[in-house]
Structures are given as structure tokens and as C-alpha cells.
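Below is one structure; the comments refer to it alone.
Protein chains: 2
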Amino acid sequence: MTPDTHNSRRAPSASDTYHHGDLRRALVQAALELAAEDKDWDFSLREVARRAGVSHNAPYNHFPHKRDLLDAAAAAGHDLLRSELTAAVAKIADPRAAFAKMGFAYVSFGTRYPALYRLMFSVTPSRPDRSSEVVLAWVATRPALENILRRGARIGMFDPALTRKSELQTATLYTWAVVHGLTMLAIDGLANLERLSVERIAQKVVTTTLRGLAGREAATNGSTT
Amino acid sequence: MTPDTHNSRRAPSASDTYHHGDLRRALVQAALELAAEDKDWDFSLREVARRAGVSHNAPYNHFPHKRDLLDAAAAAGHDLLRSELTAAVAKIADPRAAFAKMGFAYVSFGTRYPALYRLMFSVTPSRPDRSSEVVLAWVATRPALENILRRGARIGMFDPALTRKSELQTATLYTWAVVHGLTMLAIDGLANLERLSVERIAQKVVTTTLRGLAGREAATNGSTT
DNA sequence: CGGACATGTGGATAGCGACCACATTCGGTA
DNA sequence: TACCGAATGTGGTCGCTATCCACATGTCCG
Chain V
1 MTPDTHNSRR APSASDTYHH GDLRRALVQA ALELAAEDKD WDFSLREVAR RAGVSHNAPY
61 NHFPHKRDLL DAAAAAGHDL LRSELTAAVA KIADPRAAFA KMGFAYVSFG TRYPALYRLM
121 FSVTPSRPDR SSEVVLAWVA TRPALENILR RGARIGMFDP ALTRKSELQT ATLYTWAVVH
181 GLTMLAIDGL ANLERLSVER IAQKVVTTTL RGLAGREAAT NGSTT
Chain L
226 MTPDTHNSRR APSASDTYHH GDLRRALVQA ALELAAEDKD WDFSLREVAR RAGVSHNAPY
286 NHFPHKRDLL DAAAAAGHDL LRSELTAAVA KIADPRAAFA KMGFAYVSFG TRYPALYRLM
346 FSVTPSRPDR SSEVVLAWVA TRPALENILR RGARIGMFDP ALTRKSELQT ATLYTWAVVH
406 GLTMLAIDGL ANLERLSVER IAQKVVTTTL RGLAGREAAT NGSTT
């Protein structure tokens, strides 16, 4: 599922292939599988251990608490999402088309892995530490979107103000809010409730968002500090 | 905290003040309190019972499963959110100003009650039944936003296409996605990570959203207060 | 080759959700 | 008014879980 989700930030040097194989990765993998299968991520730590073929206590040699395993799994989820997003827009030059494509890819990921996506954004608050694995993996995805916006702003397709860093930051956050919110609503089934297909709604949302980002005379619109 | 969060949809006639007092409401109230205090809503059913001053088993007389109590608490949360939103825009005539005000009120609610807000959108997927208490309470909030958009569309402040029902539905969903996503990001602490205040970002987001909703050249100035 | 250390196992504890049998209280009715 | 059935609350119990502890085993380095 995930090609290389392991982070090399802990640097235990040669401790990766130690005794039994590297259990840490196997545990994260098992957690990802469980999150991908069920529609909720309330699986037990013991179940993860069972799936990895170890005793119920082995995980504690790699994660001090269950939360830390969830944290690692969430980080792996962010890595996977990032790889899907960048792959989706790799060959697209037009910023507007790339933006739309990335938006669809984002929502698609969320609806394909609802529990995983929910997990990715549920672990964070319990550890507001900004050096947390999840937060790092999360933030690492931002440049993918930023690049598209910056390119579009340079050729005048988006608001030229976006070439300024603070404006770009805010716009990125705005765009993220749109797709994130849409994804959550899609997962929660509001779309079904409305009898509208997710694709149609996503299309509309992308169009409206693009109209919001394209500021031709918006340059005169004082941008309120 | 909540003035009248009890729903009268079950209609057990005179069973509200039965034996010991009406425990059902007390339990929901206790759950709301716990969700408002902690930053996570993973409190135990026994803890709710303890806070309500009853045995660990009494709740099962009112809710078949713990999930059902969470469901009721989430519905109460939606009721509270709706009342705050409508109260915030009660005296505002200008659609654009009302839209901005409601957006701020929405994000404010989410950041003030992070665990409750998360609970409100976490219970749904486990019960996709559209007659569920949460879903009903959720959907009941939509007209508040729809009214603003419709009014704005009628006077040409927003895209006139929004007077059509399907377009209005989609636009409502879009707007909801924006504020919902922004709220989730604010809760998850991305705003802190960016060193940008939530208010400033919300301001920008509202401005950009309004520009996206505006029809032709209606994007003159963002009257975001 | 031997010990320190990393890694994995089994056992134990406290708390939880959910079920059971039983006690208590209310509301209607004979 | 007294009684009966249903609604409501209590204590007990079971299987499961997260976490801690003591112990076993494998690995690497001197």
C-alpha cells in the first residue's frame, strides 16, 4: 500500500532490521490496513499486534502508547496522500487544470480511505507538539498545493498578490479548507443526503474556488492588510 | 451551557419527569459538559453516569448503546451551534455582512468547543441512517445559511443563478465546506503552526469566498467586519 | 565468549461496554 | 384504597482493552 512510509527521523542507526524483522513498520502497515478496511479506526492495539503476528505486548517496544502508533499511522497516511496528489498533477502544466485535478484527487483519497483520512486529522489535537510526526508529514504536503497557486499567480491566472508570501500562505490555507471541508462532508455522507454525486459537487466547488482565486481587478481590492 | 437541547422527537408523552427526574436530559447534559471540558470526547459512559449521579448501568435504560448517547449529545451540539449562528445574524440585513458574521460565529463555535465540534461530525458515519438524530439536527441548520445566500442572490449581490434551487444547494454545500474545513484546520492547530491568527485567516477566507460567490463584477469590496 | 542491551512473551491490574437478575417506584385500575 | 405491571435504577458479571511488570531470547560489541 505505502511504498516507503517509514520516517528516518529517529535515527536508531542499525536498529531497523534487528531482531525479528522490523516490527515497527509492520505495525504501522497493519494499522493502515485496518484503517483501510473498516470505516472506523477504533481498532485495538492488540488487534494490530495480532495482525502483525506478535504478542499483545510487542508494540510497546516501539511505541510508548497506542496513541503513538496511531500517530505514526496517520503520518504514513499523509505521506500516501501526498504521493497521490503529486502523482495526479505530475504531467499537467496548466495551473487551473492542475488545481482541479489535485482537488479531485484529494477528495478521492478521502472517500476511498474514510477511516484513514479521519485518523489523519484526529490524532493531531492530542499532541499539539509541532515536532510531532503527523504534523511534519502534514505540513510537508503543503508545497504541492502552494506550487500550483504560485505558478498560476505568476502567469496572471490567479490573483497576482499570491506571489507575496503571506498572501500565498493564506490562499493555500483557504484552498486547503475548501477541499478538506468538502472531503469531510463527503465522508460524513452529506452528499448522499443531498442526492448529488460527489463528483458533481466537487466540480462546482472547484469552479467557484477558482473564481474566488482569480482576481483580475482584485489587485485594487486593498487585501485588508 | 445549552438552554434547551432536548429534542421532542421521541414523544414519550409524560415520560420526561418519571421516576428519578428525567435522567435522559441529565445524561446528555453531562456528556456535553465533558465534551466541553476536555479536548477529546473519549470519555467513558461510566464517567457520564458518575457525573449524573447514577449507577454505571442507569444510562442503558435510555440509550441502548453508548453510541446513542453520543448521538444525542452531538445532536444537542448541532442545536446549540444553530442557535448561535442564527443569533449572530439576527439583526444584520446586508447579506454580505451577515455571511461574514455567520462564518466567524461558526469558526468561533468550533474553536470554543473543539471536542464537541469534533464529536458532532464523528458520530455520523457510524449511523448513516438519515432519520438519525444527528443528521436531522445537522440538516436543520442548513436553512440558516441558505437564507443568506438566497437573499444575496435576489438583490444581485451574489451570483443570480443561486435563485435556482439546485444551484443554491450546491453553493450552500460549498460554503459549508469552506467554514467546516477552516474550523477543522483551526481546531487541529494549523493556524498556530502558521503563526497566523485564526481571525485574520477567517477574514481572508470570507473575502475570497465572497468573491467566488459574486456574480460578474459584483466583487467590488469585501465588507468583512 | 560473555555481558549489556534491544526485542519479544506471558501474566496481572484496573477500567470499560454490555448483558443479566433483582429491587424500587410510578401510574393506572379494580 | 390497594394492587399489578411497566418503567426505571442498582449491583454483579463477562470478555475485552491499555498499560505495567518480570522474565526469556536473540544480537552485537568488546
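Chains as they are written, first to last, in my numbering: chain V, 1 to 225; chain L, 226 to 450.
Cβ coordinates follow ideal geometry from the N, Cα and C atoms, glycine included.
- When the Cα atoms are used, L393 (chain L) and H180 (chain V) turn out to be separated by approximately 21 Å.
- Taking the Cα positions, G152 (chain V) is about 14 Å away from P143 (chain V).
- Chain order gives the chain V residues near Y399 (chain L) as K204, V205 and T208, where near means a beta carbon separation below 7 Å.
- Taking 8 Å as the cut-off, the beta carbon of A30 (chain V) is found no closer than this to the beta carbon of R46 (chain V).
- If only complete runs of 4 or more residues are kept, the stretch 387-429 of chain L shows the alpha helix (DSSP H) at 390-413 and 415-419, in order along the chain.
- Bounds of the alpha helix (DSSP H) holding F99 (chain V) are P95 to R112.
- Interface residue (Cβ-Cβ distance to chain L less than 8 Å): G212 (chain V) is classified as such.
- Contact between T366 (chain L) and V403 (chain L) is absent: CB atoms are separated by about 15 Å, not below the 8 Å threshold.
- For N282 (chain L), there is no enclosing alpha helix (DSSP H), since its DSSP letter is neither H nor E.
- Boundaries of the alpha helix (DSSP H) harbouring A52 (chain V): L45 to A52, taken from the DSSP string.
- Rounded to whole angstroms, the separation of the alpha carbons of P95 (chain V) and H287 (chain L) is 55 Å.
- Taking 8 Å as the CB threshold, A144 (chain V) stays off the interface with chain L.
- For a Cβ distance threshold of 8 Å, residue set L173, W176, A177 and H180 of chain V lies close to L410 (chain L), ordered along the chain.
- For V123 (chain V), there is no enclosing alpha helix (DSSP H), as DSSP marks it with neither H nor E.
- Annotation for W363 (chain L): the continuous alpha helix (DSSP H) segment containing it runs E358 to V364.
- Here DSSP, grouped into helix, strand and coil, assigns A74 (chain V) to helix.
- Between the C-alpha atoms of D265 (chain L) and W41 (chain V) there is a straight-line separation of about 15 Å.
- DSSP places G21 (chain V) in the coil class of the three-state scheme, outside both helix and strand.
- Around the beta carbon of R25 (chain V), 16 or more other beta carbons sit within 10 angstroms, so the residue counts as buried.
- Cβ neighbours of L310 (chain L) within its own chain (closer than 6 Å, five residues either side excluded): M327, A330 and A369.
- Close CB contacts of R150 (chain V) within its chain, under the 8 Å cut and outside five residues either way in sequence, are with L162, T163 and L168 (chain order).
- Cβ contact annotation for N282 (chain L) (same chain, cutoff 8 Å, sequence separation greater than five): A274, in chain order.
- For R425 (chain L), the closest of V:V54, V:S197, V:D22 and V:A171 by C-alpha to C-alpha distance is V:A171.
- In the three-state scheme derived from DSSP, where H, G and I count as helix and E and B as strand, G156 (chain V) is classed as coil.
- A direct Cα-Cα distance of roughly 47 Å separates S422 (chain L) from G53 (chain V).
- The C-alpha of W363 (chain L) lies about 13 Å from the C-alpha of R343 (chain L).
- Judged by DSSP in its simplified three-state form, D38 (chain V) adopts coil rather than helix or strand.
- For I148 (chain V), no Cβ of chain L is located within less than 8 Å of the residue's own Cβ.
- Scanning its chain for C-beta atoms nearer than 6 Å, with the 5 sequence neighbours on each side dropped, one finds around T336 (chain L) the residues A411, in chain order.
- By alpha-carbon distance to L259 (chain L), the top candidate from L:F383, L:L361, L:A298 and L:G381 is L:A298.
- When DSSP states are grouped into helix, strand and coil, I148 (chain V) belongs to the helix group.
- Nearest CB-CB separation between I201 (chain V) and chain L: below the 8 Å threshold.
- Nearest Cα to A340 (chain L) within the set L:S357, L:L252, L:E262 and L:G414: L:E262.
- For L398 (chain L), the closest alpha carbon among the candidates L:M382, L:A301, L:F383 and L:E371 is that of L:E371.
- Counting the other Cβ atoms within 10 Å of the Cβ of I380 (chain L) gives fewer than 16, which makes it exposed.
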